[in-house]
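K.L.:
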Amino acid sequence: MTIPGLLISALRGETVDASGVDPEEFLVACREHRAGGFVLDHLTDGPEGLREALEADAAAAMTDHLRALVDLTAVLDALDTSGIPSLALKGPVLVEAAYGDPRLRPYRDLDLLVDPGDLGRALECIEAAGGSLIDRNWDFLTRQRRGQLHLGLPFGCVLDLHWLPLDVASGALEVDSATLFGGLVPLEVGGVEILTTSPAHTVVHLALHAAMEGGCRLIWLKDLERVVATSDVDWDEVVRTAQAWKGTAAVSLMLGRAARLLDARIPAEVLNELRPPRVRALADRAAVRHLTSHRKNGKVFQLVTRTAGASAFDSAQLSVEAAKRSFRRTPSRDLLTAESPDVGRDDYLEMAAVHASRTTG
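The numbering used here puts the first residue of the sequence shown at -18, with every later residue one more than the last.
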């Protein structure tokens, strides 16, 4: 069986015999698609050293999760003390609600959403609690209308502090924070009660986030399959939210992939309502143009969607190579961390406040 076939089998809960594959190539694929935990659980045979490497990755995922919980608890305590509402996206809440085992869903950062009007106070609060701002180029952040800021936390996690659910404040998508705050769900994670999004809003957010990032990792499809399998999803609300955010084509694309590759239980009528089959190809192309119009590396998602008929694994290989070329042309991380006058901080926060007034006015 091919490497993509083995990964998909693992994510579907089927046995994996990796004895005939190149161990280095297979391990790279496991890590790229973040499927190593599932491969480890279902591996029956494989090259020497593969199981040990996967076990080390699983242990690292558990360690990262525990460290993230410590950092997240401290941030939430600080925000709560200051009376600033927030909700957690993806990360530990996704692990707890949809997977139940941190080994199966590694993640690299924490995502918190605050109301745009609370961004300034939230930033000051987190900095006072030991957070260190990573993004320093305020002029660039404001020009790009970035919907999030990155902060380093005391135990080593990176916090993505969002004032928009997705990192786009302009363009065809019309995302807003109020929708998510209107359907909060309490969840106990590590003995701490954390507020997160409803299952329906989680589905839309995960699908749009995956699409904007290239739609190229199998674990993103597994996220959707797990949320659907472990939650009572209000599909009418999924459709309403996707329509309100102008993201129906992208949501349908990712849900369709999850259904085809991982047998996610997505109602056919939902897919048809989001994107009728007769306009599927046209909708895919339109979604690509609009979703990537604000990003320098838009060609990544274009490549993925043009190969929608191929496997997600093949799409990922194209995406990774395109991302490498794009990053060499546009070193966005260097731009974000470049120093600019702190007066630009006020301009950025004012932009968020203006956005808040427009969405509530």
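Just so you know, even glycine gets a beta-carbon here, dropped at the ideal spot from N, CA and C.
Kindly give me the distance between the Cβ atoms of residue 208 and residue 180, rounded to whole angstroms, as I take these residues to be in contact under 8 Å.
P.N.:
Right, the Cβ-Cβ distance comes to about 6 Å (below 8 Å), so this counts as a contact.
K.L.:
Going by the CB atoms, is the gap between residue 158 and residue 94 shorter than 8 Å?
P.N.:
yes
K.L.:
Taking DSSP as the reference, what is the three-state secondary structure of residue 143?
P.N.:
In the structure shown, residue 143 sits in a strand (DSSP, three-state: E or B).
K.L.:
Tell me which same chain residues have a C-beta within less than 7 Å of the C-beta of residue 123, skipping the five on either side of it?
P.N.:
325, 328, 329, 332
K.L.:
List the residues that DSSP assigns as beta-bridge partners of residue 177.
P.N.:
Residue pairing by DSSP puts residue 177 in a beta bridge opposite 69, 166.
K.L.:
Run the CB neighbour count on residue 79, radius 10 Å, all protein chains shown included, and call it buried at 16 or more, exposed below.
P.N.:
buried
K.L.:
Between the Cα of residue 229 and the Cα atoms of 155, 242, 197, which residue gives the shortest distance?
P.N.:
The residue among 155, 242, 197 with its C-alpha nearest the C-alpha of residue 229 is 155.
K.L.:
Whole angstroms are fine: how far does the CA of residue 16 sit from the CA of residue 234?
P.N.:
21 Å
K.L.:
With a cut-off of 8 Å on the beta carbons, I'd call residue 9 and residue -12 a contact; round off their distance for me.
P.N.:
Residue 9 to residue -12, Cβ: 11 Å. No contact.
K.L.:
Does the separation of the CB atoms of residue 87 and residue 52 fall below 8 Å?
P.N.:
Cβ atoms of residue 87 and residue 52: not closer than 8 Å.
K.L.:
On a CA-only basis, which of 143, 242, 231 is nearest residue 254? Give me that one, please.
P.N.:
231
K.L.:
Could you tell me the distance, in whole angstroms, from the CA atom of residue 136 to the CA atom of residue 110?
P.N.:
12 Å
K.L.:
Anyone know if the C-beta pair for residue 68 and residue 161 falls short of 8 Å?
P.N.:
yes
K.L.:
In the DSSP assignment, the beta strand (DSSP E) including residue 95 goes from what residue to what residue?
P.N.:
90 to 95
K.L.:
Give every residue of the same chain whose Cβ lies closer than 6 Å to the Cβ of residue -2, excluding the five residues on either side of it in the sequence, and list them in chain order.
P.N.:
25, 26
K.L.:
Between the Cα of residue 85 and those of 106, 113, 12, 30, spot the shortest distance and give me the residue it belongs to.
P.N.:
Among 106, 113, 12, 30, the Cα nearest to that of residue 85 belongs to 12.
K.L.:
Exposed or buried, what is residue -15 when buried is set at 16 or more other beta-carbons lying within 10 Å of its beta-carbon?
P.N.:
buried
K.L.:
Going by DSSP, what residues sit across from residue 129 in a beta bridge?
P.N.:
Looking at the DSSP assignment, residue 129 forms a beta bridge with 143.
K.L.:
Counting Cβ pairs, one atom from each stretch, are 3 or more of them under 8 Å apart for the stretch 198 to 215 and the stretch 170 to 189?
P.N.:
The stretch 198 to 215 and the stretch 170 to 189 touch, with no fewer than 3 CB-CB distances between them shorter than 8 Å.
K.L.:
Below 8 Å on the Cβ atoms is my contact criterion, and I expect residue 236 with residue 188 to pass it. Report the Cβ-Cβ distance as a whole number of Å.
P.N.:
6 Å
K.L.:
For residue 52, name the three-state secondary structure that DSSP assigns.
P.N.:
Three-state DSSP puts residue 52 in a helix.
K.L.:
Which whole-angstrom value describes the C-beta separation of residue 23 and residue -4, a residue pair presumed to lie in contact below a C-beta threshold of 8 Å?
P.N.:
5 Å
K.L.:
Name, in chain order, the residues that DSSP records as bridge partners for residue 212.
P.N.:
Residue 212 is not bridged to any residue.
K.L.:
Looking at C-beta atoms only, is the number of pairs between the stretch 95 to 102 and the stretch 58 to 67 that lie closer than 8 Å three or more?
P.N.:
yes
K.L.:
Can you look up residue 3 in the DSSP assignment and give me helix, strand or coil?
P.N.:
coil
K.L.:
Work out the CA separation of residue 117 and residue 134 for me, nearest whole Å.
P.N.:
16 Å
K.L.:
Helix, strand or coil for residue -17, going by three-state DSSP, please let me know.
P.N.:
coil
K.L.:
Which residue wins for smallest C-alpha separation from residue 77, given the options 3, 216, 176, 141?
P.N.:
Nearest in C-alpha terms to residue 77, of all of 3, 216, 176, 141, is 176.
K.L.:
Taking 7 Å as the line, does the beta carbon of residue 112 fall inside it for any heavy atom of the ligand GTP?
P.N.:
Because no ligand of any kind appears in the structure shown, any question about the ligand GTP cannot be addressed here.
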